[in-house]
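J.: Residues are numbered in my numbering as their position in the sequence shown, beginning at 1, plus a constant of 22.
Even for Gly, the Cβ is constructed at its ideal location relative to N, Cα and C.
None of the values given here were measured: they were computed from a predicted structure.
Okay, handing you the structure first.
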Amino acid sequence: MKMHFIASSTEAAVTAAERLSERYGHVPLREAEVIVALGGDGLMLSVMHQNRGLPVYGMNRGTVGFLMNSYSEAGLPARIAAAEETAVNPLAMTAGTTDGHEHCALAINEVSLLRAGPQAARLQISVNGKVRMQELVCDGALLSTPAGSTAYNYSANGPILPLGSDVLALTAIAAFRPRRWRGAILPSTATLRFDVLEPDKRPVMADADSRGVDSVLWVEIRTETSISHRLLFDPGHGLEERLMREQFV
23 MKMHFIASST EAAVTAAERL SERYGHVPLR EAEVIVALGG DGLMLSVMHQ
73 NRGLPVYGMN RGTVGFLMNS YSEAGLPARI AAAEETAVNP LAMTAGTTDG
123 HEHCALAINE VSLLRAGPQA ARLQISVNGK VRMQELVCDG ALLSTPAGST
173 AYNYSANGPI LPLGSDVLAL TAIAAFRPRR WRGAILPSTA TLRFDVLEPD
223 KRPVMADADS RGVDSVLWVE IRTETSISHR LLFDPGHGLE ERLMREQFV
């Protein structure tokens, strides 16, 4: 099995990559059959954004490691051969800014809108071209994929989504009006649009997996079905099982 190893900058990850490369061999990316990512979830997201098509098998040399398998040097080819594959479609964000430009980005976890000043943001929400909420006053809002539902979305009290549910989580961040509104569940086929009300007085930024855009006027988000990221997990420890476990801790 031809493996290409990618490591984060931590000492533990770099050391692991060196040892595994020596033991199993390391090939250039263009010759690889599988990418082995050594680090945390941040590294996995980076690898997924930069590499499409090849399956990625991650081993945790970071902190949380929700998207990673446990680390072990032994039997790596056998673990990869037995791994279960999960396909993940990213979100496609298009954001229009006050300077008249449009910015596009992909997000595997979530797209979020955040207030960029001292006052709460005022957002109008439309789904498939129909206005569903005239005004949401909040610190922000986000749209999460099932794979990203245990990240920022969960911290903002959003729901954990099963991978096979074909839905997205729309979650408010510190909603002021409507009181206690926490969001909605949308079909994965939906196109969501945020329009920023009072953008000069209440500036808003958009973020797609840590790719930020300042001074947005509007943001549209949809599932990018033409892109499918392939993640490999040890049997019985895939994303579906991890999502289930997160709800009982």
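(1) Please report the residue range of the alpha helix (DSSP H) in which L67 lies.
(2) Rounding to the nearest angstrom, what Cα-Cα distance links A93 and L67 in this structure?
(3) Would M25 be called buried (16 or more neighbouring beta carbons within 10 Å of its own) or exposed?
(4) Using a threshold of 9 Å, state whether the C-beta atoms of D121 and F88 are closer than that.
(5) Mind checking if H71 is an interface residue toward chain D, Cβ cutoff 9 Å exclusive?
(6) Hey, is the segment 137-151 in contact with the segment 174-190, meaning 3+ C-beta pairs nearer than 8 Å?
(7) Excluding the 5 residues flanking L128 on each side, which residues of the same chain have their C-beta closer than 8 Å to its C-beta?
(8) Hey, L265 and T108 are a contact pair by Cβ (cut 8 Å); roughly how many whole angstroms apart?
(9) Beta-carbon separation of L208 and L190 under 9 Å?
(10) If distances are taken between C-alpha atoms only, which option among E124, L98, G47 and N150 comes closest to V235?
(11) Out of G75, N150 and M81, point me to the one whose CA is closest to V110's CA.
(12) Just how far apart, CA to CA, sit Y46 and G97?
(13) Under 9 Å, do T119 and E268 count as touching if we go by C-beta distance?
(14) Would DSSP call V36 helix, strand or coil?
T.: Here's the rundown:
(1) D63 to Q72
(2) The question names Ala, yet the displayed sequence has Tyr at residue 93. Those two C-alpha atoms are separated by around 18 Å.
(3) buried
(4) no
(5) No chain D is part of this structure, which consists of one protein chain only.
(6) no
(7) H71, P112, L113, A114, M115, A230, D231, E246 and I249
(8) Not confirmed; about 11 Å, so no contact.
(9) yes
(10) E124
(11) G75
(12) 10 Å
(13) no
(14) helix
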